[in-house]
Structures are given as C-alpha cells and as structure tokens.
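Student: Numbering (my numbering), first residue to last: 247 to 343. Where is the CB? At the ideal position from N, CA and C, for every residue including glycine. Keep in mind the model is a prediction, meaning the values are calculated, not measured.
What follows is the structure in structure tokens.
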C-alpha cells in the first residue's frame, strides 16, 4: 500500500487555458483516477494567444471560445469534472485579484 497522499478534492487555479496541462496535468490525472474531485479555474480567456498578425481585435472573441473549448477537452482527458472560467481579458490582470 502506498503512503502517497491523494486529496479528496483539489482546485487547479491557472492564468491561461493550457497552463494546468503543462504544469500539473500529470498530477491532476493521477489524482482524478484515484478518486479526487478536481475543480479547474481558468482566470483569463486566452484571447491574446495568437501570433497571427492577420488577426485583428474582432478575432479575440472567437479565440476565447476556441481556448475555452480546448480547455474543456483537456479537462475531460485529465478527469477534471468541474471547470470554472472567470473570463478576464488575457494580459490585463491586475495584482488585486
């Protein structure tokens, strides 16, 4: 029997869509498989996450929807059952939240 601690519930709070996958995705998947309830909180919309100079400001809403969909798909793979999107504009967080 392993002495490894697996929490009953955990919350992943990350600034951008895909941050949790690159930082703690493996741990979240392992915990979810062990029965941990994972809550994912994405603070920004990821609406500035494109290097395409042809995209103007009107593309931001479309990109935010795309990033949210990608996050939901990743959550499903990881075993995350609940996702919260705060939808702050990407790159505009203040150090007050």
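1) Are the CB atoms of residue 326 and residue 259 nearer to each other than 7 Å?
2) What is the rounded straight-line gap between the Cα of residue 306 and the Cα of residue 250?
3) Do you know whose CA, among 265, 252 and 308, lies nearest residue 279's CA?
4) Which residues bound the beta strand (DSSP E) around residue 278?
5) Mind checking who residue 342 pairs with in its DSSP beta bridge?
6) Give me the Cα-Cα distance between residue 321 and residue 293, rounded to the nearest whole angstrom.
7) Between residue 275 and the rest of its own chain, which residues show a CB-CB distance below 7 Å, the 5 nearest in sequence each way excluded?
8) Can you tell me whether residue 263 is buried or exposed? The criterion is at least 16 other CB atoms within 10 Å of its CB, across all chains shown.
Tutor: On the basis of the data shown:
1) no
2) 42 Å
3) 252
4) That residue, residue 278, is in no beta strand (DSSP E); its alpha helix (DSSP H) goes 265 to 279.
5) Paired residue(s): none; residue 342 is not in a bridge.
6) 19 Å
7) 324 and 325
8) buried
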